[in-house]
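If you count the sequence shown from 1, you need to add 4 to reach my numbering.
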Amino acid sequence: MTTTQPNRAKQRFLFQGLLPLKRSTLVADVIAGIVLAAVGIPEVMGYTKIAGTPIATGLYTFLLPAFTFAVLGSSRHLVVAADSATAAILASNVSRLAQIGSPQYVALTELVALIAAALLLLARLFKLGFLADFLSRTVLIGFLTGVGIQVAVGQLGVLLGVAEGGHGSIKHLLSVVQNLPNTHLPTVGISLAVLAVIILSEKLWPKFPGALLAVVGAIAASWVFHFADYGIKIIGAVPRGLPSFGLPAVSLDDISSLLGVAVSCCIVIIAQSAATSRAFALRYNEPFNEDADLIGLAAANMAAAISGTFIVNGSPTKTTIVDAAGGRSQISQIVTVAIVLIVVLFLTDPISYLPTAALAAIVCLIGIKLIDLRGLRDIFKTHRDEFYLAVITAATVVFVGVREGIIVAIVLSLILHVRHSYRPHSAVLVHKNHFWQPLPVVPGSMSAPGVIIYRFSRDIFYANANCFSDQVRMLAETATLPLQWFILEARAITEIDYSASQTIRDVVQALASQNITFIVTGLTPEVKAQFDRDGLTKLIGSDHFYNRLGDALKAFRHLHKSASGE
Numbered sequence: 005m006t007t008t009q010p011n012r013a014k015q016r017f018l019f020q021g022l023l024p025l026k027r028s029t030l031v032a033d034v035i036a037g038i039v040l041a042a043v044g045i046p047e048v049m050g051y052t053k054i055a056g057t058p059i060a061t062g063l064y065t066f067l068l069p070a071f072t073f074a075v076l077g078s079s080r081h082l083v084v085a086a087d088s089a090t091a092a093i094l095a096s097n098v099s100r101l102a103q104i105g106s107p108q109y110v111a112l113t114e115l116v117a118l119i120a121a122a123l124l125l126l127a128r129l130f131k132l133g134f135l136a137d138f139l140s141r142t143v144l145i146g147f148l149t150g151v152g153i154q155v156a157v158g159q160l161g162v163l164l165g166v167a168e169g170g171h172g173s174i175k176h177l178l179s180v181v182q183n184l185p186n187t188h189l190p191t192v193g194i195s196l197a198v199l200a201v202i203i204l205s206e207k208l209w210p211k212f213p214g215a216l217l218a219v220v221g222a223i224a225a226s227w228v229f230h231f232a233d234y235g236i237k238i239i240g241a242v243p244r245g246l247p248s249f250g251l252p253a254v255s256l257d258d259i260s261s262l263l264g265v266a267v268s269c270c271i272v273i274i275a276q277s278a279a280t281s282r283a284f285a286l287r288y289n290e291p292f293n294e295d296a297d298l299i300g301l302a303a304a305n306m307a308a309a310i311s312g313t314f315i316v317n318g319s320p321t322k323t324t325i326v327d328a329a330g331g332r333s334q335i336s337q338i339v340t341v342a343i344v345l346i347v348v349l350f351l352t353d354p355i356s357y358l359p360t361a362a363l364a365a366i367v368c369l370i371g372i373k374l375i376d377l378r379g380l381r382d383i384f385k386t387h388r389d390e391f392y393l394a395v396i397t398a399a400t401v402v403f404v405g406v407r408e409g410i411i412v413a414i415v416l417s418l419i420l421h422v423r424h425s426y427r428p429h430s431a432v433l434v435h436k437n438h439f440w441q442p443l444p445v446v447p448g449s450m451s452a453p454g455v456i457i458y459r460f461s462r463d464i465f466y467a468n469a470n471c472f473s474d475q476v477r478m479l480a481e482t483a484t485l486p487l488q489w490f491i492l493e494a495r496a497i498t499e500i501d502y503s504a505s506q507t508i509r510d511v512v513q514a515l516a517s518q519n520i521t522f523i524v525t526g527l528t529p530e531v532k533a534q535f536d537r538d539g540l541t542k543l544i545g546s547d548h549f550y551n552r553l554g555d556a557l558k559a560f561r562h563l564h565k566s567a568s569g570e
């Protein structure tokens with residue numbers, strides 16, 4: 005990944021996202037922090053339903069982890085807290101090892117954050133941030149869509165007030181359908197009311213925190229009308245005060261069991277956070293340092309692990325909310341931390357009256373927003389093959405699991421890359437109307453009498469070396485006029501591996517047996533050095549390399565005139 009590292013970022017390790025303070029934006033930063041708290045507090049409480057942890061743990065992600073990233077991160081915009089994607093990956097795996105919501109379960113989620121912190125530090129140390137680039141946007145859309153479906157389906161039972169059962173989205177959905185006759189109508193009424201408030205607020209007043217209004221209204225109604233007496237489930241007691249600090253109470257054996265889920269979370273964290281930081285830095289023409297962000301994210305997850313909460317991630321949605329509210333630095337996130345601190349110290353009693361259906365409605369809408377139908381439709385219109393890969397990724401998440409979905413996402417991204425490289429856009433160049441025009445590689449193609457100019461538009465490696473060889477041999481064998489020079493226009497080739505080197509050797513020898521001279525133009529110095537090391541320069545002839553195509557053609561015309569005695 006490309007990293008912008010200005011002198012300011014190199015000289016300062018702390019407060020890159022906070023300094024310099026700008027009086028002109030300070031008031032806007034504070035207001036944006038208040039808006040983030042209004043929108044983010046209901047969301048992070050909702051993410052605990054996805055993660056399977058107590059509701060207080062969601063609030064804790066907005067304390068020490070968020071503050072730590074604000075101090076250590078490079079991005080002036082990225083908001084770090086609980087996130088739906090990593091929460092879903094977490095729950096789908098840890099739930100196999102402990103009872104959801106139990107102290108052991110919470111300890112294991114803390115351990116995942118601790119392992120992720122170590123992995124993020126290793127990624128920074130060995131500069132492995134580029135690995136996130138192997139998650140193509142196509143399969144990432146499919147992955148998040150699958151997560152959205154899983155999250156939304158997972159809340160149906162709570163929304164309807166029916167018993168939930170079965171592991172996985174399909175079994176969960178079947179369980180809900182079987183229990184439909186037991187639907188609790190008062191719970192359904194609360195669910196619909198919360199959904200209506202949030203949806204109408206987004207439609208009529210997009211910047212108004214509709215989720216906060218819905219939560220406050222549901223808490224007030226629950227307190228006044230004693231919802232619990234009517235069989236409506238409420239959150240119940242929420243611990244007041246700061247979280248307990250310390251390492252999670254787990255055994256060393258648990259580390260190996262959770263390494264896979266931590267790796268999956270790290271890949272999503274790197275990809276999502278880096279993309280968000282980069283986008284906002286480019287928007288405002290600001291410097292940023294992805295290495296510093298990795299340190300900030302690692303420290304934030306370390307802070308999560310020792311402060312009783314689960315893994316945290318950079319949030320594109322929360323970052324966008326802050327930006328829309330006028331926030332231009334991490335001051336906004338510091339303000340949010342302060343507000344959440346007030347909530348956990350003094351306002352947890354009212355939260356205990358919150359109906360679980362209200363929280364489920366918020367989570368359900370979060371899941372629905374992750375379902376990117378517009379993105380899938382755009383991919384379907386323009387890149388049909390990639391659309392199928394996105395659908396496969398989404399289906400894997402829904403039918404198999406989130407961890408398997410992230411593995412499939414990575415594998416499909418790699419396959420997509422190899423597939424594009426395997427069948428590169430090669431062409432035969434023909435001079436028309438004062439320009440070189442690329443034409444398809446078909447039998448009989450020639451650039452001019454006696455010469456074929458062949459452009460190969462990718463690096464040559466083991467997967468496409470045979471394609472290169474087949475096309476060169478086919479063009480030479482089907483030339484409609486006697487062929488003297490075969491010119492490889494190699495400007496797009498930046499690397500060759502051992503297999504490619506041997507293939508080029510075979511091609512040059514095969515052409516030489518037909519009295520056809522192999523010429524190379526536009527080769528970069530680095531690849532030319534590899535040709536030298538592989539002995540290809542000696543085989544081809546050092547005088548058969550040209551920097552420019554025009555020089556090669558001038559030499560060919562001169563040779564042709566000399567041969568004809570002109």
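Built from N, CA and C at the ideal position, the CB exists for glycine as well. Nothing here was measured: the structure is a model prediction, and the numbers come from that model.
Boundaries of the alpha helix (DSSP H) in which residue i is found, first to last residue
i    : result
E290 : Unbroken run through E290: none, as it is neither H nor E.
L433 : L433 -> not in any alpha helix (DSSP H); beta strand (DSSP E) instead, spanning A431 to K436.
K175 : S173 to Q182
L94  : S88 to V98
I59  : I59 to Y64
F350 : I335 to F350
W209 : Neither: W209 is in no alpha helix (DSSP H) and is coded neither H nor E.
I497 : Unbroken run through I497: none, as it is neither H nor E.
K532 : P529 to D538
Q103 : Counting along the chain, Q103 falls outside any alpha helix (DSSP H), and DSSP gives it neither H nor E.
F384 : L377 to T386
P69  : L68 to L76
I145 : R141 to G158
Whole-angstrom distance between residue j and residue i, CA atom to CA atom
i    : j    : result
Y51  : P354 : 19 angstroms
G300 : V116 : 17 angstroms
L563 : F549 : 15 angstroms
G330 : A74  : 17 angstroms
A200 : L94  : 30 angstroms
L25  : S79  : 14 angstroms
N519 : R423 : 34 angstroms
S333 : S277 : 16 angstroms
C471 : P444 : 14 angstroms
P213 : A122 : 36 angstroms
A120 : S99  : 18 angstroms
A364 : V192 : 11 angstroms
L485 : P453 : 6 angstroms
H435 : Y458 : 13 angstroms
I346 : R282 : 32 angstroms
Proximal residues to residue i (C-beta, below 7 angstroms), its chain only, five neighbours per side dropped
i    : result
I375 : T149, G152 and I153
L416 : V143, L393, I396 and T397
V181 : none
I410 : I93, F147, S268, I271 and V272
A514 : R477
Q15  : Residue placement at Q15 is flagged as unreliable, the pLDDT there being 43, under the threshold of 50; the coordinate-derived value follows with that caveat. Closer than 7 angstroms at Cβ, skipping near neighbours: no residue.
As assigned by DSSP and simplified to three states, the class of residue i
i    : result
I523 : strand
L40  : helix
L443 : strand
K575 : For the chain, the structure presents residues 5 to 570; residue 575 sits outside this window and is missing.
Y502 : helix
Y466 : coil
Y357 : coil
I238 : strand
Q249 : A small correction: the amino acid at residue 249 is Phe; Gln does not occupy that position in the sequence shown. Residue state, collapsed to three classes: coil.
N305 : helix
A452 : strand
First and last residue of the uninterrupted beta strand (DSSP E) at residue i
i    : result
E493 : W489 to E493
L84  : The question names Leu, but residue 84 in the sequence shown is Val. First-last of the beta strand (DSSP E) with V84: V83 to A85.
I457 : V455 to R459
Expected contact under 8 angstroms - CB spacing of residue i and residue j to nearest Å
i    : j    : result
V326 : L63  : Between L63 and V326 the Cβ distance is about 18 angstroms, and since that is not below 8 angstroms, they are no contact.
I194 : I236 : 7 angstroms
Contact set for residue i: own chain, Cβ-Cβ below 8 angstroms, skip 5 residues either direction
i    : result
H387 : T142
P69  : V84, A85, A304, N305, A307, A308, S311, T313 and V316
A483 : G448, M450 and I456
Contacting residues, own chain, Cβ-Cβ under 6 angstroms from residue i (five flanking each side not counted)
i    : result
A55  : A91, L94, A95 and F314
P247 : Y64, S311 and G312
F465 : D501 and A504
G405 : S96
L177 : V157
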